[in-house]
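Visitor: Could you have a look at this structure, given as C-alpha cells, before my questions?
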Amino acid sequence: MGLNSPITIGRIDYANAWPLFHQLEERLDRNGFEVIKRVPSELNRLLQTGELDLSAISSFSYGQNANDYVLLPELSVGSVGNVNSILLFMKEPIARKRPETIAVTTTSATSVNLLKIMMTLHFECNPEYVPAAPDLGKMLETSDAALIIGDPAIQASWQDQGLYVLDLGQLWNAWTGLGMTYAVVAARREVALIDPESVNKVYKALKASKEYNKVNLGPLIDQACLQLGGVSTYWEMYFHSLQFDFGSKLQEGLKLYFDYSKQLGLLSNDVKLTFFEDQSAQ
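Encoded structure:
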C-alpha cells in the first residue's frame, strides 16, 4: 500500500481528542491533507487497511499492528487517575457482587481490553462480555453492567439513574500507580519511510495545535457546552484531567497494559513502542 493523495489523517470524533486536533486543518495545506473524523474503532480499521496514512487510534490497535506503525512522539490521550469518559455503570457495587455479564462498547478497543485485564487480574472474575451499541438503558436490560466511552459516557454520567459507576482511569491508577494511555497517534511505517516530510508536517501541526489548545481551552469549552451539553465548569475539569504529552509515566503504564494483554492472550506478541523521528530536529 502506498500513499493516499491527499495525505489522509484520522481524527477521533470525541471531545477527549479535541485538544490535539482543534485548528489542525488551519495549520495544514488543505490541498495536500484531508482530515477524516470517526470513532476510534473505525479509525483503527482504516489505518490498518491503508485507507488512512496517519491517525489517532486506540492504543490497543497499535499493540496489534506495532510492526506496521510508528508513533508520533508527545501526542496521546491519557490520564493519571480519573479519565471521566471511560466508565463502567453497574446495577450493584462490585464489592458486593461481581458482574456476570457486561455489555461493552463497540466504538473502541483499548477500554474493553483494559476492563478485561482489571476484571481478570484485579477483581478475579470472568464475566461474559457482550458487544453493544452505546445505549446505557438497552445495555443494562440484558447485562449486569455496561462499559461506555467518550461523549456518550460523559452524558450518561450526568443522569442520576441509581447506578454505581467506576472510572477505569482511576481504577488503573489505584491498582498500578501508573497512568493509562487510551489513544495514540500513529503513521503507517511505509508512509513514514516514503514521505517523512509530510508526516513531519502533520506532526508539527499536531504539536502546535496541542500546545495552543492547552492554554486556550475557552473555545473548546464553549463548543462542548453547545454540542454536548453540560456546564463550563465540568468541561474545564474534564479537559484538565486529560494528558496529551505521552510522558514517561503514561508510556510506562501503556507498556504494562500491553504486558497484561499478552499475558491474558489478548495480544499475541510483545509490543515495542517505536517512534517517528522528527527529521527537522536532526
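So the sequence shown is numbered by the numbering used here: it starts at 730 and just counts up by one. Ideal Cβ placement from N, Cα and C applies to all residues, glycine included.
Round the Cβ separation of residue 1005 and residue 916 to the nearest angstrom and send it over; I've been treating them as touching at under 8 Å.
Guide: Here the question's residue 1005 lines up with position 276 in the sequence shown. Here the question's residue 916 lines up with position 187 in the sequence shown. The pair is a contact, with the Cβ atoms about 6 Å apart (cut-off 8 Å).
Visitor: For residue 903, which three-state DSSP category applies?
Guide: Translated into the one-based positions of the sequence shown, residue 903 becomes position 174. Reduced to three states, the DSSP call for residue 903 is helix.
Visitor: Is it the case that the Cβ atoms of residue 876 and residue 833 are separated by a distance below 8 Å?
Guide: For the purposes of this step, residue 876 is identified with residue 147 of the sequence shown, where counting begins at 1. For the purposes of this step, residue 833 is identified with residue 104 of the sequence shown, where counting begins at 1. It is a contact, given that the beta carbons lie within the stated cut-off.
Visitor: Where does residue 931 fall in DSSP's three states?
Guide: Taking the sequence shown and counting its residues from 1, one reaches residue 931 at position 202. If DSSP states are grouped into helix, strand and coil, residue 931 belongs with the helices.
Visitor: Kindly give me the distance between the Cβ atoms of residue 879 and residue 743, rounded to whole angstroms, as I take these residues to be in contact under 8 Å.
Guide: Along the sequence shown, one-based indexing puts residue 879 at 150. Along the sequence shown, one-based indexing puts residue 743 at 14. So it is a contact: roughly 4 Å between Cβ atoms.
Visitor: To which residues does DSSP link residue 739 through a beta bridge?
Guide: The residue given as residue 739 occupies position 10 in the sequence shown. Partner(s): 765 and 784.
Visitor: Provide the residue span of the beta strand (DSSP E) that contains residue 807, from first to last.
Guide: Residue numbering aside, residue 807 sits at position 78 when the sequence shown is read from its first letter. Here the beta strand (DSSP E) through residue 807 covers 798 to 808.
Visitor: Is residue 771 near the ligand FAD, with its Cβ less than 7 Å from a heavy atom?
Guide: Only the bare structure without any ligand can be found here, which leaves the ligand FAD out of the picture.
Visitor: Taking the beta carbon of residue 835 as the centre, do at least 16 other beta carbons fall within 10 Å, making it buried, or is it exposed?
Guide: The residue you call residue 835 lines up with position 106 of the sequence shown. Around the Cβ of residue 835, a 10 Å sphere holds fewer than 16 other Cβ atoms; the residue is exposed.
Visitor: Assuming residue 921 contacts residue 799 under a Cβ cut-off of 8 Å, what Cβ separation, rounded to an integer in Å, is found between them?
Guide: Here residue 921 refers to the residue found at position 192 when the sequence shown is read from its first residue. Here residue 799 refers to the residue found at position 70 when the sequence shown is read from its first residue. That belief holds up - the Cβ atoms of residue 921 and residue 799 are roughly 5 Å apart, short of 8 Å.
Visitor: Using 8 Å as the threshold, is the C-beta distance between residue 822 and residue 912 below it?
Guide: Taking the first residue of the sequence shown as 1, we reach residue 822 at position 93. Taking the first residue of the sequence shown as 1, we reach residue 912 at position 183. It is not a contact, given that the beta carbons lie outside the stated cut-off.
Visitor: Ignore the nearest five residues each way along the sequence and tell me which others in residue 730's own chain have a CB closer than 7 Å to its CB.
Guide: Position 1 of the sequence shown, counted from the first residue, corresponds to residue 730. In this predicted model, residue 730 has a pLDDT of only 43, less than 50, meaning its place in the structure is not dependable; the value taken from the coordinates is given anyway. If we look at residue 730 and ignore the five residues flanking it on each side, its Cβ neighbours are 779 and 919.
Visitor: Taking Cβ to Cβ, would you say residue 786 is nearer than 8 Å to residue 773?
Guide: In the sequence shown, residue 786 corresponds to position 57, counting from 1. In the sequence shown, residue 773 corresponds to position 44, counting from 1. Closer than 8 Å, so yes.
Visitor: Classify residue 740 as buried or exposed, calling it buried when 16 or more other Cβ atoms lie within 10 Å of its own Cβ.
Guide: Here residue 740 is taken as the residue at index 11 of the sequence shown, counted from 1. Looking at its Cβ environment, which holds 16 or more other Cβ atoms inside 10 Å, residue 740 is buried.
Visitor: List the endpoints of the continuous alpha helix (DSSP H) containing residue 918.
Guide: The sequence position of residue 918 within the sequence shown is 189, counting from 1. Bounds of the alpha helix (DSSP H) holding residue 918 are 918 to 923.
Visitor: Give the DSSP-derived three-state secondary structure of residue 844 in the structure shown.
Guide: Position 115 of the sequence shown holds residue 844. Here residue 844 sits in helix by DSSP.
Visitor: Tell me the residue span of the beta strand (DSSP E) that contains residue 863.
Guide: Mapped onto the sequence shown, residue 863 falls at position 134. Neither: residue 863 is in no beta strand (DSSP E) and is coded neither H nor E.
Visitor: Mapping the DSSP letters down to three states, classify residue 962 as helix, strand or coil.
Guide: In the sequence shown, counting from the first residue as 1, residue 962 sits at position 233. Looking at residue 962 - three-state DSSP - the assignment turns out to be helix.
Visitor: Please classify residue 856: is it buried, with 16 or more other beta-carbons within 10 angstroms of its beta-carbon, or exposed?
Guide: Position 127 of the sequence shown, counted from the start, is the residue given in the question as residue 856. Burial call: buried.
Visitor: Could you give the residue range of the alpha helix (DSSP H) that holds residue 750?
Guide: Numbered from its first residue, the sequence shown carries residue 750 at position 21. Per DSSP, residue 750 belongs to the alpha helix (DSSP H) from 747 to 750.
Visitor: Taking just the CA atoms, how far does residue 839 sit from residue 790?
Guide: To locate residue 790, count along the sequence shown from 1; it is residue 61. To locate residue 839, count along the sequence shown from 1; it is residue 110. Cα to Cα, the separation comes out at about 7 Å.
Visitor: Looking only at its own chain, which residues have a Cβ that is under 7 Å from the Cβ of residue 863, when we skip the five neighbours before and after it?
Guide: Residue 863 sits at position 134 when you count from the first residue of the sequence shown. Only 834, 836, 877 and 881 meet the Cβ criterion.
Visitor: Whose CA, out of 842, 931 and 852, lies closest to the CA of residue 783?
Guide: Along the sequence shown, read from residue 1 onward, the residue named residue 783 stands at position 54. For the residues 842, 931 and 852, the minimum Cα distance to residue 783 belongs to 931.
Visitor: First and last residue of the beta strand (DSSP E) that includes residue 874?
Guide: Taking the sequence shown and counting its residues from 1, the one referred to as residue 874 is at position 145. Here the beta strand (DSSP E) through residue 874 covers 874 to 878.
Visitor: Leaving out five residues on either side along the sequence, give the residues of the same chain with a beta carbon under 8 Å from the beta carbon of residue 847.
Guide: Here residue 847 is taken as the residue at index 118 of the sequence shown, counted from 1. Only 897, 900, 901 and 904 meet the Cβ criterion.
Visitor: Quick check on the burial criterion: 16 or more other C-beta atoms within 10 angstroms. Buried or exposed for residue 890?
Guide: By one-based count along the sequence shown, residue 890 stands at place 161. By the 10 Å Cβ count, residue 890 comes out exposed.
Visitor: So what does DSSP say about residue 823, is it helix, strand or coil?
Guide: Counting from 1 along the sequence shown, the entry for residue 823 is found at position 94. Coil at residue 823, not helix or strand.
Visitor: For a test of the three-state rule: what should DSSP assign to residue 816, helix, strand or coil?
Guide: Here residue 816 refers to the residue found at position 87 of the sequence shown. Residue state, collapsed to three classes: strand.
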